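Heads up, the thing below is written out as structure tokens.
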Amino acid sequence: MPEVEIEVGGRRFEVACQPGEEDYLISAATALDKEASSIGDQLGRLSESRMLLMAGLMLADQAGNLKEKLAKSDADLTAAISEISRLNAELSSSSIPGNENAALSAEFEKTLIDIAEKAERLADKIDTQHS
């Protein structure tokens with residue numbers, strides 16, 4: 108099991124992790140250290156345990172907010188997929204002459220691409236906020 112040296116609150120720690128999780132552990136420790144430093148700057152001198160507790164609570168709050176945003180994005184994506192299915196069914200069952208049907212198909216394709224791009228931007232935004 109690999110061991111990684113991390114620094115949090117000015118102290119160094121050796122922490123074991125699963126193979127392949129080293130970068131994630133370093134990233135998590137960096138976030139905790141950054142939050143602890145920010146709290147120390149804002150609140151002044153705190154005991155190490157109080158500073159780490161506050162930093163952990165702040166990170167947990169951020170994680171909770173990200174989970175809420177992710178759930179909303181998932182719901183929005185599900186709604187968009189349902190709308191695409193509905194429009195596709197409506198288009199398939201329509202008795203519109205060929206040229207008009209082709210125009211609607213092009214419009215449907217553009218709408219589908221727009222929805223996919225919006226979903227991709229939402230996913231990128233969530234990934235950026237999570238990092």
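In the working numbering, each residue's number is its place in the sequence shown (first place is 1) plus 107. Quick reminder that beta carbons are idealized off the backbone N, C-alpha and C, glycines included. None of the values given here were measured: they were computed from a predicted structure.
When rounded, the separation of the alpha-carbon atoms in Ile220 and Asp148 is 46 angstroms.
DSSP places Arg152 outside both helix and strand once states are collapsed to three, so it counts as coil. With contacts defined by Cβ atoms closer than 7 angstroms, Arg118 and Glu112 do not form a contacting pair. With 16 or more other Cβ atoms inside 10 Å of its own Cβ, Met158 counts as buried.
Taking a contact as a CB-CB distance under 8 angstroms, the pair Ala162 and Leu184 does not count as one, their CB atoms being some 32 angstroms apart. If you draw a 10 Å sphere on the C-beta of Ile146, you find 16 or more other C-beta atoms in it, and that means buried.
Bounds of the beta strand (DSSP E) holding Glu112 are Glu110 to Val115.
DSSP places Glu128 in the coil class of the three-state scheme, outside both helix and strand.
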